[in-house]
Amino acid sequence: MLTTPASAIVIRHDKPAEQYLASKPDFPALATFYNIGVHGTLIAPEWVLTAAHTVFCLNHGQTIQVGDELVEVQARYSYPSYQLGKQNDLALIKLANPVLSVEPAKLYRQQDERNQVLWFIGSGGTGTGLTGETISYKENKGVLRKAQNKVVAVTKSDLRFVFEPGQHGLELEGVSGNGDSGGPAYLKKEDGYYLLGVSSRVDSWFKDVGEYGVKELYTRVSSHVNWIDQVIAADNNARAKLSSSDGFLQPGMTTENLPGICASINLKTQS
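Residue numbers (this note's numbering): -1 to 269.
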């Protein structure tokens, strides 16, 4: 996540940290937007699905990474009723050229997510449940981690997770950290990877990012598949009517300082 929205992977304090380390083959369809993290998922050769609150720098010509490929953004389309920090936190990124080296993830279309154990993956901030996030997305320097968590409740818009400690938690229990926003909650099946949720925001007033007991919301893919299908199938004029073009600037961002911010986190500037 960024700011209040969701974040890299925060892990259990009582498990070896190396067990959480991940690599691109753990979720090949992962897209990375900025050199501080922030993610999406390739769901078709020319389309990436992410959280709407991540799109502030995803303008035409911006470079993102999918697998080992650097590709340019052609356009972005956010869910039409989304407001920063609220539900329906979803956006589609149209790529300038198709990514053919990576098999896209499949959209999960069933509505039986409750009690399913899913995987998270990301390169944002990290730490443990005892302390919350203590290593920022900048300090993490792109290290990928993955973790498990169980869907404890669903709403029309969201999947809800809780970071449970000890015997109440899964073997590799974890939650997102800052810089994990837009990343996937996914399943691996025999026929490929399925995307069930998109990292959106925390829903705990009295918990810091990554603390045990924190509640996290992922935008529910199955409730939004009709909109996703419509945008992908439409022409450019129809897409504009189906979506919002708002940049959803984070606190501290203005139209004046945004170009400098985007230049500083653009993947092209990575050393």
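We treat Cβ as the ideally placed atom computed from N, Cα and C, and that holds for glycine.
Judged by DSSP secondary structure, A50 falls outside any beta strand (DSSP E); it is assigned neither H nor E.
V223 and L265 have their C-alpha atoms roughly 29 angstroms apart.
Beyond the five residues adjoining it in sequence on each side, K205 comes within less than 7 angstroms, by CB distance, of G211, V212 in the same chain, given in chain order. L93 and G164 have their alpha carbons spaced roughly 42 angstroms apart.
Setting aside the 5 residues that flank it on each side, P102 is surrounded in the same chain by A27, L40, I41, A42, each with a C-beta closer than 6 angstroms to its C-beta; the list follows chain order. Taking the C-beta atoms as reference points, Y75 is found no nearer than 8 angstroms to Y192. Secondary structure note for I119: its beta strand (DSSP E) is the uninterrupted segment 115 to 120.
Distance between G208 and V8, taken at the CA atoms: about 5 angstroms. Shown here, H11 sits in coil according to DSSP, grouped into three states, outside any helix or strand.
The three-state reading of DSSP puts K92 in strand, counting E and B together.
Classified as buried, A29 has 16 or more neighbouring CB atoms from the shown chains inside 10 Å of its CB. Boundaries of the alpha helix (DSSP H) harbouring N235: 234 to 240, taken from the DSSP string.
Here the C-alpha atom of F246 lies approximately 6 angstroms from the C-alpha atom of H51.
Note that the segment 11 to 28 touches the segment 166 to 178; at least 3 beta-carbon pairs, one per stretch, sit closer than 8 angstroms. Going by DSSP, L194 is part of the beta strand (DSSP E) stretching over 190 to 200. In the three-state DSSP reduction, L215 falls in the strand class (E or B).
Looking at the backbone, the Cα of N113 and that of K187 are separated by about 17 angstroms. Sequence-distant partners of V150 (beyond 5 residues in either direction) whose C-beta falls short of 7 angstroms from its own C-beta, in its chain, are R158, F159, V160.
Each residue's CA atom was taken as its position, placing S79 and S242 some 8 angstroms apart.
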